[in-house]
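Colleague:
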Amino acid sequence: MLSDNESDFNRFACNECKRRRIKCARELPVCGACRTAKRHCLYEQQKRSPLTRKHLTEVEEELSLTRQILTRQYPDIDLSRLLGKLRNGASIDEIPELAEIARPKRRRVERLEVRDNMEEAQTPIMNISSLLGHSDNVESQESRFLFQVPQYLPPTINTNKDGYKPKSSSASSPLSNTCSSKFSWDERRSMLDRKLSVTDGMATTESNSYLGATSSAALINLVGGGYFLHQSKPKHQGSASQGSPSSASSIASIPIPSRQRIEHYVNMYFETYHVSYPIVHRPLFIAQMNEVVEAPPGWRSLLYMVAAIGSFMSATNAEDDDDLTLLDCAKKELSIEDLETGSLTLVQTLALISNYLQKRDRPNSGYNYLGLAARMAMGLGLHKDIADNGDSLLNKEMRRRVWWCLYIFDCGSTITYGRPLGIPCAGIDAKLPMNVQDSNLTAMTTSTPREEDGPTIYTSVRLQALFHIFSNSIYERIISDPFPSAEALLHWDTEYIGRYKSMIPSYFQEGQSVPSKFRLAHAVIHWRCRNLRTIMYRTFMLKRLFSEKHEHVNDYEARAGDICLQECSATIESMNVFWNEKKQYNRMDAWYSLYFLIPALLMPLVCLRNDPVSPEAGRWRNEVFLSQKIIDKISMICPPAARISEFISSLGVGCSTQQEHKPTEFSPVNAENMALSSIAVDESPMSQLMQLHTMLWPSSFDIEQQF
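Be aware that the sequence shown starts at 172, since it is given in the working numbering, and climbs by one per residue.
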């Protein structure tokens, strides 16, 4: 047995000598015993709590505060009795009171301070400052991590010991009453079918695909009695399944645009689309097109897609349709074998095809291409800032631009269709693109350039990506069961969306004057934010209409409904200013305006339809009137947009004291339109609201618990 002196000596011995219980010479860096035995020598000082009155007082105060917090949070729990059980050897999992605390609450929305017992299901912490880079002033060391609402597993897979499952409501959702086998579509179109459709990108078509609760297209078809689902299908569509519509004969009959026209469309791409979504680096692309730099494999497909988008976005009339020919050329350059490869060029091509098809009213086809692009991008590690000393600053920045453009496309289409997110936030550490001029970051740049204190073509993608980072978890909550309470949504709105707004640079704040080429990108930033807030709160506005006049609506729900209508009004007013200020418009202006106008228009329209004698009815009529004026201007560029105007007129018949809006020359009133109008007019306001209610609340929503 070691003597006391030897024991004291061993307190400072290396770990190996203490393990072998031998005398340690305490030599540095390696003691003699370890040197002889060829062992790893490590000195480790033991950490012990100081046995002082000061330290004991600190521990007692901390314990007292902890007990106060727990007592306030769980007033029905006897902490002393629980501690006694634990001291007697009981396991935490065996104590019923603790199991009850961890159990998800039944038949109620989670509280603001909810902390699920499924720790592994929460959103992994991401350092927002690492995404922003070093130029942004993040609020504090603690707040920079709190940029998303914690996620949780849905109750359907998070069952407790009692096997509790949420109660389903007796009324089935209109979105779930169709057999899943009927969710199919064929969006292939012949090269000879070159007519425009309602290019709103919101799936307001005859395609039968799943649309979730946040989808405005589903809301339109419910309110309007399937207005857009009753459209006549093209005559050629019946034979679409017998073969590819883009046959060799149809292609041969349509000439491919000349090189001069393709170059013109490429320039238009960079003048319009590129300002908002710089997924392609312009100097490099132009150098490859002029054969100054060797183009990578698959580049011709990218060339055709850039030209196709340039042709479509810059068009100022309905006759410009070279983009359809260019799309087919791009697809001919691709093959199924290309999906067994991976490259940055192919990711860019697939992403552009996806976004183009959405804008060409082929939403599900675009959705499929987007999935391919996202998976390939993650396979290439674009979501990571991989340390590679041999890679130039420009190449690293190009990877970030491609990734964040793809991220924006995914988030935008997901919210549009009401589907789950395809790209999670977890595991992403690629920095946001720098706000720099292309001339300050070239292939020869070796040091990080200083960021601009003004708008650049990368400002929009930066801010849109940042918005989705802050708001995606809120979106995930509103498409999940249970639906969040108004109190929770208002808190998250202030905490996360409010923080995002505070991080928008002063030169891009709403109301600021920006150069003309950034005007649409600037407007879209704020329309996108208002659109999400409209979706978040419109359920409570509809609940207010559904409730009896004498029923009390709590302050949070009343505030939520007011915000919904305020955001709709602000969007319509902002869009009216946008269309009055610009002298010349193109399809890109028309597409994004229609995309954000429809959700904003629906709420005052539904309110007016169901409560035409409300004191607010005059304001709602004015907003509907302004919306129709905007749509009339859009119809000059995209005539099928007049279908939206017809829809407004059909739903608002008999609810307006003003002169009815006359159909434009592009929207003749035929027997089909009259029949569709009667669907909405003859249906009672209450039955419309019942349809809306069962769609906007999840199918397991218990009406008796909420109304």
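Glycine residues also receive a C-beta, built at the ideal position from the N, C-alpha and C atoms. Just so you know, these numbers come straight off a predicted model, no measurement behind them.
Does DSSP classify M674 as helix, strand or coil?
Modeller: Three-state DSSP puts M674 in coil, outside helix and strand.
Colleague: Consult DSSP for I808 and reduce its assignment to one of helix, strand or coil.
Modeller: Here I808 sits in helix by DSSP.
Colleague: Just mark H693 as buried or exposed, buried being the case when its beta carbon has 16 or more other beta carbons within 10 Å.
Modeller: H693 should be labelled buried.
Colleague: Compare the C-alpha of A545 against each of N566, E787, C576 and I480 and name the closest.
Modeller: If we check each option's Cα against that of A545, C576 comes out closest.
Colleague: If you run the structure through DSSP and keep just helix, strand and coil, what is V477?
Modeller: In this structure, V477 counts as helix in the three-state DSSP scheme.
Colleague: For S785, count neighbouring C-beta atoms within 10 Å of its own C-beta (all shown protein chains included) and say buried if the count is 16 or more, exposed if not.
Modeller: It counts as exposed.
Colleague: For the alpha helix (DSSP H) that Y245 lies in, which residues bound it at each end?
Modeller: Taken as a continuous stretch (DSSP letters only), Y245 belongs to no alpha helix (DSSP H), as it is neither H nor E.
Colleague: Span of the alpha helix (DSSP H) holding P454?
Modeller: Looking at the DSSP string, the run of the alpha helix (DSSP H) that includes P454 is R453 to M460.
Colleague: Quick check: the Cα distance between R590 and E187, rounded to an integer number of angstroms?
Modeller: The straight-line gap from Cα to Cα measures roughly 58 Å.
Colleague: Hey, out of Y527, Y766, L779 and L703, whose CA is closest to D499's CA?
Modeller: Comparing Cα positions, the closest option is Y527.
Colleague: DSSP on R210, reduced to helix/strand/coil?
Modeller: Looking at R210 - three-state DSSP - the assignment turns out to be coil, as it is neither helix nor strand.
Colleague: How many angstroms separate the CA atom of G395 from the CA atom of C735?
Modeller: Reliability of the predicted coordinates at G395 is poor, the pLDDT of 49 falling under 50, and no value is obtained from them.
Colleague: By how many angstroms is the C-alpha of T613 removed from the C-alpha of V607?
Modeller: For V607 and T613, the distance between alpha carbons rounds to 11 Å.
Colleague: Below 8 Å, how does it come out for the region 729-747 and the region 451-470: are there three or more Cβ pairs, yes or no?
Modeller: No contact exists between the region 729-747 and the region 451-470.
Colleague: Rounded to the nearest angstrom, what separates R453 and H435 at their Cα positions?
Modeller: Their backbone Cα atoms lie some 14 Å apart in a straight line.
Colleague: Okay, do the region 431-451 and the region 480-488 touch, 3+ Cβ pairs below 8 Å being the bar?
Modeller: These segments touch.
Colleague: If you compare alpha carbons, which of S718, S514, Q737 and L691 is closest to L765?
Modeller: The shortest C-alpha separation from L765 is found at L691.
Colleague: Is the region 662-673 touching the region 549-557 in the sense that three or more CB pairs, one from each, lie closer than 8 Å?
Modeller: No, because fewer than three Cβ pairs between the region 549-557 and the region 662-673 fall closer than 8 Å, the two stretches do not touch.
Colleague: In the structure shown, what three-state DSSP assignment does S684 receive?
Modeller: The answer is coil: DSSP assigns S684 none of H, G, I, E or B.
Colleague: Quick check: the Cα distance between S631 and I696, rounded to an integer number of angstroms?
Modeller: Their Cα atoms are separated by approximately 7 Å.
Colleague: So, helix, strand or coil for A731, using DSSP?
Modeller: A731 falls in the helix class under three-state DSSP.
Colleague: Figure out for me which residue from L776, G513 and P811 has the closest Cα to the Cα of L797.
Modeller: It is L776 whose Cα lies nearest to the Cα of L797.
Colleague: Let me know the alpha helix (DSSP H) ranges lying completely inside the region 748-800, each 4 residues or longer, listed in chain order.
Modeller: Complete alpha helix (DSSP H) runs here, min 4: 758-781.
Colleague: Name the residue from G593, L541 and L603 whose alpha carbon lies nearest to the alpha carbon of R570.
Modeller: Looking at the Cα atoms, L603 is the closest of the given residues.
Colleague: With 16 as the cutoff for other CB atoms within 10 Å, does N781 come out buried or exposed?
Modeller: When all chains shown are included, N781 counts as buried.
Colleague: When burial is assigned at 16 or more other CB atoms within 10 Å of the CB, is T705 buried or exposed?
Modeller: Buried, since its Cβ has 16 or more Cβ neighbours within 10 Å.
Colleague: Could you pull the start and end residues of the alpha helix (DSSP H) that A657 belongs to?
Modeller: Segment A657 to W663, the alpha helix (DSSP H) holding A657.
Colleague: Quick one: what's got a C-beta closer than 8 Å to I579's C-beta in the same chain, skipping five residues either side?
Modeller: Excluding residues within five positions, the ones whose Cβ falls inside 8 Å are Y448, V632, Q635, A636 and H639.
Colleague: For G203, name the three-state secondary structure that DSSP assigns.
Modeller: The answer is helix: DSSP assigns G203 an H, G or I state.
Colleague: Can you grab the Cα-Cα spacing for the pair V477 / V451, in whole Å?
Modeller: Roughly 9 Å separates the two Cα atoms.
Colleague: Please state if the CB of F711 and the CB of P626 are separated by a distance shorter than 7 Å.
Modeller: Taking 7 Å as the Cβ cut-off, P626 and F711 do not qualify as a contacting pair.
Colleague: Within 10 Å of its beta-carbon, does N725 have 16 or more other beta-carbons around it, so buried, or fewer, so exposed?
Modeller: Its Cβ having fewer than 16 others within 10 Å, N725 is exposed.
Colleague: Taking the runs of the alpha helix (DSSP H) that are 4 residues or longer, which of them lie wholly in the region 577-657?
Modeller: Listed in chain order, they are 630-649.
Colleague: Identify whether F183 lies in helix, strand or coil by the three-state DSSP scheme.
Modeller: Coil, per DSSP.
Colleague: State the start and end residues of the unbroken alpha helix (DSSP H) segment that holds F689.
Modeller: Counting along the chain, F689 falls outside any alpha helix (DSSP H), and DSSP gives it neither H nor E.
Colleague: L779 and W791: beta carbons closer than 7 Å?
Modeller: Their beta carbons are under 7 Å apart, which means L779 touches W791 by this criterion.
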